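To start, the structure under review is shown below, and the notes come after it.
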Amino acid sequence: MPLFNDIPNSSLNLIHPGYLPNKYYASSGFFTSFSGSTLNVGYIYYSYFLNPFDQNFSSLAFHLNTVNSSTQKVKVAIYKITNGLPSTLVKDFGEISFTTAGVKETFNSFFLTAGWYAIALATNESSTSFICPGNNIPHLIGFPSVAAGNFNGYRVVSSYSSAYPNVAITSNITAAQSPLFWLKTA
């Protein structure tokens, strides 16, 4: 059975009508609603997404539902998916600081070839609530059991450090709720 990245790029193009310039595209098309989910410190959360075309992007954005009163930080990166799991680092966006809720965007251009990717996010504050897809997508990420819950991504235990590793941490990976991201085309 072919894995995600074993599918020829020409087949990926059949499931997306194509990108328009300077538009935002959600990292997941498999949701019917949004919800706020609090992410915990001590984890890297992976949100999977399909990029059906070779494409330049000008920014990456996410939405914070709530924050506490102190300055909070997140680290964001993109990994290539290999054999169903995050593998090699494609882009490290570094650390983003904020004090208010709302849309946060990093204007940092990047290029992605057609294929599957995981956006990695780690936070330094447990009280931060991110907008997440409101339903599960078990046909993409696999569940630990039948009717296991409302998961749309994965997480792994990891300390909040200065940079993401070149090879994704995947040991003891578990299903989890993960944020929704928007990628803006160049």
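Quick note: to get this note's numbering, add 142 to the position in the sequence shown (first position is 1). Don't be surprised by glycine CBs; every beta carbon is placed ideally from N, CA and C. Remember, it's a predicted structure, so these values are computed and weren't measured experimentally.
Out of curiosity, what's the CA-to-CA distance linking residue i and residue j?
| i | j | result |
| --- | --- | --- |
| E247 | V218 | 11 Å |
| V183 | N266 | 6 Å |
| A243 | F199 | 24 Å |
| L162 | T327 | 7 Å |
| V245 | P159 | 26 Å |
Residues bridged to residue i by DSSP?
| i | result |
| --- | --- |
| S301 | DSSP lists no partner for S301. |
| S239 | K215 |
| K222 | Y259 |
| H158 | DSSP output for H158 lists no bridge partner at all. |
Below 7 Å CB to CB, which residues in the same chain sit around residue i once its five sequence neighbours on both sides are set aside?
| i | result |
| --- | --- |
| F191 | S169, S170, Y259, I261 |
| T213 | S239, T241 |
| K233 | A219, I220, F252 |
Could you give the first and the last residue of the continuous beta strand (DSSP E) run that contains residue i?
| i | result |
| --- | --- |
| T265 | 257–265 |
| K326 | 323–327 |
Going by beta carbon distance, what residues of the same chain come within less than 6 Å of residue i, once the five residues before and after it are set aside?
| i | result |
| --- | --- |
| I315 | Y296, V298 |
| E237 | K215, K217 |
Run the CB neighbour count on residue i, radius 10 Å, all protein chains shown included, and call it buried at 16 or more, exposed below.
| i | result |
| --- | --- |
| A264 | buried |
| G257 | buried |
| K165 | exposed |
| N308 | exposed |
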